[in-house]
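Residue numbers (full-length UniProt numbering): 1 to 305.
Note that CB positions come from ideal geometry on N, CA and C, so glycine has one too.
As structure tokens, the structure follows; a few thoughts come after it.
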């Protein structure tokens, strides 16, 4: 008991964040504390355990053997304390806060309108700060605590992040109907002979369509590369361009009078579907507010699906 009197809960929470993040600045973000305060707490912890806990190695911080041994019992102890403290449920109708969400352009089109309507209806004082970035940048922002949630297509996710598949998406081709046969789409030879529009954050970026083509030993000519889905269909009208795109990204074309001259058709080769996912840091897993937001996104994407 004498040893326990020397420790306060804040020190244990700081130790937990430092062991999980292995980075003083990220631990400070996680704890909503200043970096000097966390550095001071680390000095106290080193004195308390008579061990450096975190040491410089290969340009970063690594855990000492004693720190590694502390991780599991510390996690168990904090979980038990959490069980004793019944956190109040999140009340969306009364809450005032801002969620920081990163989405691709595709994610913004398919999910953001319905999510915004849902928030306005159920959480009128909750604000949404939406940003756009590459897949790699979104994951880095999650790790650094700069955003709360990312929505997009992620092939490899770091172990510190949690994921949930919201729906599976397939591809469709779109072109000006005047350049297509009266029925059906294009043969493989016709498709390869046409110039194409590619939607990517940067030219030459890896994408599902060109990977599928490469497996068949083919390449296509990309005449226009765009960073946004939204403008891509407008480039097709009156041209011979072909756009291969996620089906939900162009679901609105039949409702747009100016774009009714465009027609969907199946690609002449198989393009594997992809999973649209939500990704968040494990430190947000039990946060009632973040859990509520994830539930709203799941509900919205279920309706979309």
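| message | Let me check understanding here. Comparing Cα to Cα, which of 172, 219, 151, 196 lies closest to residue 163? | response | 151
| Among 241, 245, 125, which one has its Cα closest to the Cα of residue 107? | 245
| message | Restricting to runs no shorter than 3 residues, where is the beta strand (DSSP E) found entirely within the UniProt domain "HTH lysR-type" (7-64)? | response | 54-57, 60-63
| request: Express the C-alpha separation of residue 119 and residue 59 in angstroms, rounding to a whole number. | output: 43 Å
| task | Check the C-beta distance from residue 185 over to residue 276 and give it rounded, since I have them as a contact under 8 Å. | result | That belief does not hold up - the Cβ atoms of residue 185 and residue 276 are roughly 24 Å apart, past 8 Å.
| With 16 as the cutoff for other CB atoms within 10 Å, does residue 55 come out buried or exposed? | exposed
| request: Note the first and the last residue of the continuous beta strand (DSSP E) segment covering residue 302. | output: No beta strand (DSSP E) holds residue 302; the alpha helix (DSSP H) holding it covers 288-304.
| said: My output table needs one value for residue 191: the three-state DSSP class, helix, strand or coil. | reply: helix
| request: Just the C-alpha distance for residue 310 and residue 200, rounded to the nearest angstrom, thanks. | output: Residue 310 is absent from the structure shown; the chain starts at 1 and stops at 305.
| said: For the segment 167-185 against the segment 129-147, do three or more pairs of beta-carbon atoms, one drawn from each stretch, fall closer than 8 Å, so that the two count as touching? | reply: no
| request: Leaving aside the five residues before and after residue 94 along the sequence, list all residues of the same chain whose C-beta is less than 8 Å from its C-beta, in chain order. | output: 125
| field | Three-state secondary structure (DSSP) of residue 91 | value | coil
| Given residue 187, which residues of its chain have a CB within under 7 Å of its CB, disregarding the five upstream and five downstream residues? | 268
| query | If you count every other CB in all the chains shown that lies within 10 Å of the CB of residue 272, and 16 or more means buried, which is it? | reply | exposed
| query | Any idea what DSSP makes of residue 122, helix, strand or coil? | reply | helix
| request: Measure the beta-carbon distance from residue 248 to residue 304 and round it to whole angstroms, keeping in mind my assumption that it falls under 8 Å. | output: 7 Å
| task | Look at residue 11 and residue 35 and say whether their C-beta atoms are less than 9 Å apart. | result | no
| said: Which residues does DSSP list as the beta-bridge partners of residue 127? | reply: 98
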